[in-house]
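**Student:** To start, I am sharing the structure in question, which I have written as structure tokens.
Numbering (my numbering), first residue to last: 286 to 405.
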């Protein structure tokens, strides 16, 4: 159950961040000049922004639940590691960013670390 919750939390947080990133890039692509107030007002009207907020709220509720079932250290290490892995995947597939050999090696090490934290 803890593994599933950790996976769900990380997934929700990354989907929330990807939704927010997509909303911002749609409203103000890189290099665009836009005032902070205009950005905030346009974000408040963006479905992607609100979808991201829903993902974040769901992830936070699951976070409270997982804290009642596992040690804080194990939870934080797992979620942080999974978030890095999912962020890399979203960067590659959704935002079309390149992934280096070092990024891939880091992901392998993170997976090993998650295994060791939960195993021992």
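For each residue, glycine too, the CB sits at the ideal point set by N, CA and C.
#1: Given this structure, state the Cα-to-Cα distance separating residue 331 from residue 323, to the nearest angstrom.
#2: Look up residue 296 in the DSSP assignment and say whether it is helix, strand or coil.
#3: Should residue 321 go down as buried or exposed, given a rule of 16 or more other Cβ atoms within 10 Å for buried?
#4: Evaluate the contact criterion for the stretch 357-366 versus the stretch 300-308: three or more CB pairs, one atom per stretch, below 8 Å.
#5: Taking the alpha carbon of residue 333 as the point to measure from, which residue in 345, 317 and 304 has its own alpha carbon closest?
#6: What are the boundary residues of the alpha helix (DSSP H) that includes residue 359?
#7: I need the DSSP call for residue 419, collapsed to helix, strand or coil.
#8: Using only the alpha-carbon positions, how far apart do residue 395 and residue 337 sit?
#9: Suppose you measure from the CA of residue 392 to the CA of residue 361; what does that come to, to the nearest Å?
#10: Apart from the five residues on each side of it in sequence, which residues of its chain come closer than 6 Å, Cβ to Cβ, to residue 300?
#11: Rounded to the nearest angstrom, how far is the Cβ of residue 290 from that of residue 369, given a contact under 8 Å?
**Tutor:** With the given structure in hand:
#1: In a straight line, the C-alpha of residue 331 is about 12 Å away from that of residue 323.
#2: helix
#3: With fewer than 16 other Cβ atoms within 10 Å, it is exposed.
#4: no
#5: Taking only the C-alpha atoms, the option nearest residue 333 is 304.
#6: 357-378
#7: This structure cannot speak to residue 419, because the chain is shown only from 286 to 405.
#8: If I take the Cα positions, the gap works out to 25 Å.
#9: 16 Å
#10: Cβ within range, chain order: 340.
#11: Not quite, the Cβ-Cβ distance comes to about 18 Å (not below 8 Å), so this is no contact.
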